[in-house]
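Residue numbering for the sequence shown follows my numbering, beginning at 1 and increasing consecutively. In this text, a Cβ means the ideal position worked out from N, Cα and C, and glycines have one as well. Quick caveat: nothing in here was measured; it's all calculated off a predicted structure.
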Amino acid sequence: MSQPGYVATPPYSQSQPGMGGFSTGLGPPTSSPHYGHYGGPNSLYSAPQSGMLKSTVPFGSSAPVGSPPPGIHLYNQTNLQNGPGTPGHQQHRFQGPSPGSSVPPSYPPYSHQSQPPYANTASPSSTAQLANQLGTMQINSYGPGASPSSRMPSGPPASFQGPPLPPTQPQMAIPPGAQIPPTPANNLNGICTPPSLPPLAMQDGIPGSGPPNANLQQLPGQPPGPGYHPQHVNYGPQMAGSQLSYPGAFPGGPGQLAGPQQKKLDPDSIPSPIQVIENDKASRGGQTYATNIRGQVPPLVTTDCVVQDQGLGSYYCQSLSKKTSTFRAETFVTSKENPSCTDEFTQGNASPRYIRCTTYCFPASSDMAKQARIPLAAIVTPFAIVPPNETPLYVVNHGETGPIRCNRCKAYMCPFMQFIEGGRKYQCGFCSCVNDVPPFFFQHLDHVGRRVDHYERPELSLGSYEFVATLDYCRNNKPPNPPAYIFMIDVSYSNIKSGLVKLICDELKTLLDKLPREEQEEASPIRVGFVTYNKVLHFFNVKSNLAQPQMMVVSDVGEVFVPLLDGFLVNFQESRSVISNLLDQIPEMFADTNESETVFAPVILAGMEALKAAECAGKLFIFHSSLPTAEAPGKLKNRDDKKLVNTDKEKTLFQPQVNFYETLARDCVANGCCVNLFLFPNQYVDIASMGLVTMYTGGTLYKYNNFQVHSDSPQFLSDLRKDIEKRTGFDAIMRVRTSTGFRATDFFGGIYMNNTTDVEMAAIDCNKAVTVEFKHDDKLNEDTGALIQCAVLYTTISGQRRLRIHNIGLNCSSQLADVYKSCETDALINFFAKSAFKAILTQPLKTVREILMNQTAHMLACYRKNCASPSAVSQLILPDAMKVLPVYMNCLLKSCVLVGRPEIPTDERAYHRQLIMSMDVANTQLFFYPQLLPIHNMDVKSDAFPTSVRCSEERLSEGGVFFLANGLNMFLWLGVSAPPEVIQGIFNVPSFAHISTEATQLPELDNPYSKKLRSIMKYSQSQKPYSMKLIIVKQREQPEMLFRQFLVEDKSIYGGASYVDFLCCVHREICQLLN
């Protein structure tokens, strides 16, 4: 049986259930844990007291108070230390002031280039222990000498270092010394706490029902691993063993006390995400990736390649008859002679643009899955954009008969179906049911048992395609009407005075010409309507035969109704002049308003009722700026309570304030009403409540803090244009089917679920992804593999009901090495982020962070035990496919959503949480590890972009210019000694001092530097769903602090560990599990 997903967290006196069914503790603690945690209460910012220091970080002490000594270069710092505290010291998980001390943790001052960020203050004892720890931490790959029994993946070993070293340069392997000393028993404030390692005696979510170390026990048939002895649970009050110490509880560099300079773990010797990305580009970039082999790992999301959806190398030429919309194959080429392809392993699989998996080889049994603890998940982007050089999806029309489906499991016809008995029957690949072939679909089989029309039918050979749905798939068995767009503008005082209302109206006059339409159609079938509001709602009649628009006011916002039907939703082309008049009049109509209070929920309700009355699906475009405090359903109050941060009640900050919004979201989904929300807040607006309907309905949330028309309008207008023009499926339902042995158990995304199987979305566009988790319910067959079919029923913009089908086949293996070899780190991080962000609604953030840390250590320890060749426990060995998992996991743990700090606005955390829940793999990869490009030394004559560098301040230089983008933010960082010719070329000013940081766009200059940089920025913008506002940052000026938050390999100012510190921590956890 699969384990349950997220559950409400019991009191601390009980064991805590984990995310996605993973367990988190070693049994019921004897008392509540009182240790601090990552960004927890013990590390809250306080004004430092002069002359007093206190250790706050496990890997060294905190930064000192006062100004650091001058004369030390800030960048390329070489004296950062990493290591545990003093051996005899009571090592807290995150040390704060000792009991009885009133000294708060120190907070590092902002330092300029001429000063080190943190003074050298390492104590001799901690320095000695640091040297011992680093001396024993040999960083190697599993090496080429893996025993045959370990079933290591073929190819070169994963060397745990950055760029390849020359043959003459020795590999980093510090001679083994003493093992990392175990941490003494924790006695915090007189209360002993059990280790916060994952619960090893847990089965099906029931603590204590399995043997000790159940998740790490030796499985039959697995090769023995070195040094991984059973770890029996001891429930005594004086439990020894190290706590799970997430390092870097505090900002800045590792603390140091005065003493001799110590050796530092070279960042270049640990796995580099940039090196992994560049290696994949070099080996697979620009090539054609064919999807016809089951279980193959696709290129990374950062690698440009051409994807060919093909079954046995078939190629198609599409021909759609406008009368019948039937598919007709005109030409096809086959590669039956390809010796590397066999029927057993070649079938149509969906492009990785549509489906990516955390691993492309599932463990054959649930015991293996529990042992490895690798999440089994697929990230599905059903409407992903297909580049022009790739074939669009074919549309199959079976007429009134409709799509052919299995009688038992209802799976749709696909390449996984096996035809038998001369073609008169077919066996379902998902449930093995034998079905009759409809007479119109019958075709003879060839000498190998394949239908002779195999290559002429997309549903038999391709991974992705569409069916035209019949009336049985429509609401009330009636063909749907084309969707409608309703624009709803907040005309309260602040929006009128800021010029926002006029900006929106002026833009809509030209933007409505760009409403989406089918390729063969000249005009868009989408109808439009207009509403303005403050404390009341104003509907506008813009019927084409009117000389002037007519306004109707709805003042009873407690029971909203639509005052008119005919004339509210109209065709833009037919009513162009009336609509143009209306958009001219709206800013003038409310120019003298003094109304500052607004309603919000009644606005959504009115839009939904209008779509319901018109019997169509559609989108609401709502432009809103303040907390809805007017008396009406959904009224909100300011509940931004910083005192809740790092408490059990912190999760309430991410939950809606009132239940009305959940009910409203459910009704919107049921009526196909998608809500897009453009927010322009100047203060707290409770995004957790206001954004809920947007997320559940598949809409998009945009936020522009302190909006200024002159500087922020390009970003906002670009977002608005993208959103209106993007291709969207309306009134959608998604169902995921699997072959026998496993099933979909949990779903994450901007979705609503009325039951456990149907994923409902009022709309879904090209940027929305749904992450699906799978669990075993039986043993999987290694020969047939694990098959997945994702079917999305939706309405097109022309009002046609269709089914979009995506199929993928994965391998299965009884060898853990095969599972690890097929993992995809980018997909794993997407899953971990969404599962964690869902869990924080019901569990304390500390628990969620610990689960993430535990699972990272367990996955890597299981690999070390079962797959790596025997070696010293002190060696850190990572699977090749997961070697950058620690850096991505650290970035996730440092995200503002999971860091509980009062300085971070609650709305910002809720906003990021909502965006990431709907992101696909490419967007989460860039969000958590931004792209950092050196601009000062780029080749302006080449079309190629400069190679990215690692996100660390060590990579910056005074003489450099760097461009950073993460999909939401975009920076241009300028060193104080940047080359004058580069400054002149980009800004058209003579020197660094003349650059204005107020600009949000670069001047368009006719020189190579300007053209190249603007092309890089344009490309970055075009690849992402959100427009990024450019922020120009000059070295040693205050805005640099904002920029440094995105240097994710460094310590965060909000309490996140550096990559090196986190790796040390992960290594200690692995060693504890192995010992």
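Exercise. Give the DSSP bridge partners of D1081, in chain order.
Key: The question about residue 1081 has no answer, for the chain in this structure spans 1 to 1075.
Quiz prompt | Between the CA atoms of N682 and F716 - distance to the nearest angstrom | solution = 16 Å
Exercise. Tell me whether G975 sits in a helix, a strand or coil according to DSSP, three-state version.
Key: coil
Quiz item: What span of residues does the beta strand (DSSP E) with R451 cover, start to end?
Solution: It is not in any beta strand (DSSP E) - R451 carries neither H nor E in the DSSP assignment.
Exercise. Could you tell me if the beta carbon of T359 falls within a distance shorter than 7 Å of some heavy atom in the ligand HEM?
Key: The ligand content of the structure shown is nil, which means the ligand HEM is not present either.
Practice problem: Return the CA-CA distance between C474 and T694, expressed in angstroms with no decimal places. | Solution: 24 Å
Exercise. Verify whether the separation of the beta carbon atoms of L1002 and L1013 is less than 8 Å.
Key: Yes, Cβ-Cβ distance for L1002 and L1013 is below 8 Å.
Quiz item: Secondary structure at D783, three-state DSSP: helix, strand or coil?
Solution: coil
Quiz item: Would DSSP call M695 helix, strand or coil?
Solution: Collapsing the DSSP output to three states places M695 in a helix.
Quiz item: When the Cα atoms are used, what is the spatial distance from P587 to L692?
Solution: 29 Å
Exercise. Identify every residue that forms a DSSP beta bridge with E1004.
Key: E1004 pairs with nothing; no bridge assigned.
Exercise. Determine the direct distance from the alpha carbon of C790 to that of R735, and round the result to whole angstroms.
Key: 6 Å
Practice problem: Starting from C673, follow its DSSP beta bridges and name the residues at the other end. | Solution: G618
Self-check item: Contacting residues, own chain, Cβ-Cβ under 7 Å from N705 (five flanking each side not counted)
Solution: P681
Quiz item: Can you tell me the Cα-Cα spacing of F927 and L893, whole angstroms?
Solution: So the alpha carbons of these two residues sit roughly 13 Å apart.
Quiz item: According to the neighbour-count rule (16 or more other Cβ atoms, all chains shown, within 10 Å of its Cβ), is K1051 buried or exposed?
Solution: buried
Exercise. Tell me, please, which residues DSSP counts as bridged to S813.
Key: P363
Quiz item: Going by other Cβ atoms of all chains shown within 10 Å of its Cβ, with 16 needed for buried, is Q708 buried or exposed?
Solution: exposed
Quiz item: Any idea if I496 is buried or exposed, counting beta-carbon neighbours within 10 angstroms, 16 or more meaning buried?
Solution: buried
Quiz item: Is it right to say A282 is buried, meaning 16 or more other beta carbons lie within 10 angstroms of its own, or is it exposed?
Solution: By the neighbour-count rule (16 or more Cβ atoms within 10 Å), A282 is not buried but exposed.
Quiz item: How would you write the range of the alpha helix (DSSP H) that A836 sits in, first residue to last?
Solution: T825 to A839
Practice problem: Can you grab the Cα-Cα spacing for the pair H398 / N407, in whole Å? | Solution: 17 Å
Quiz prompt | Terminal residues of the beta strand (DSSP E) in which K425 lies | solution = K425 to Q427
Quiz item: Could you give the distance in angstroms between the alpha-carbon of G463 and the alpha-carbon of R457?
Solution: One C-alpha to the other measures close to 12 Å.
Exercise. Helix, strand or coil for I916, going by three-state DSSP, please let me know.
Key: helix
Quiz item: Is it the case that the Cβ atoms of G699 and V675 are separated by a distance below 8 Å?
Solution: yes
Exercise. Give every residue of the same chain whose Cβ lies closer than 7 Å to the Cβ of E595, excluding the five residues on either side of it in the sequence, and list them in chain order.
Key: S492, Y493, N534 and K535
Practice problem: Compute the distance between the beta-carbons of M413 and E459, then report whether it is under 8 Å. | Solution: yes
Quiz item: Hey, would you say G809 sits closer than 8 Å to L780, going by beta carbons?
Solution: no
Quiz prompt | Close beta carbons around Q287, own chain, < 7 Å, minus the five adjacent residues each side | solution = C305
Quiz prompt | Beta-carbon gap between G529 and A484 smaller than 8 Å | solution = Yes, Cβ-Cβ distance for G529 and A484 is below 8 Å.
Self-check item: Element boundaries [alpha helix (DSSP H), containing M1034]
Solution: Note on identity: in this sequence residue 1034 is Lys, with Met being the wrong assignment. Here K1034 belongs to no alpha helix (DSSP H); instead the beta strand (DSSP E) covers K1029 to K1034.
Exercise. Could you tell me the distance, in whole angstroms, from the CA atom of D648 to the CA atom of E908?
Key: Here the C-alpha atom of D648 lies approximately 20 Å from the C-alpha atom of E908.
Self-check item: Continuous alpha helix (DSSP H) stretch holding F927: start and end
Solution: V921 to F928
Quiz item: Beta-carbon separation of I579 and T532 under 8 Å?
Solution: no
Quiz item: Given 8 Å as the limit, is there contact between the segment 375 to 387 and the segment 838 to 853, that is, 3 or more CB pairs closer than that?
Solution: By the Cβ criterion, the segment 375 to 387 is not in contact with the segment 838 to 853, since fewer than three pairs of Cβ atoms, one from each stretch, lie closer than 8 Å.
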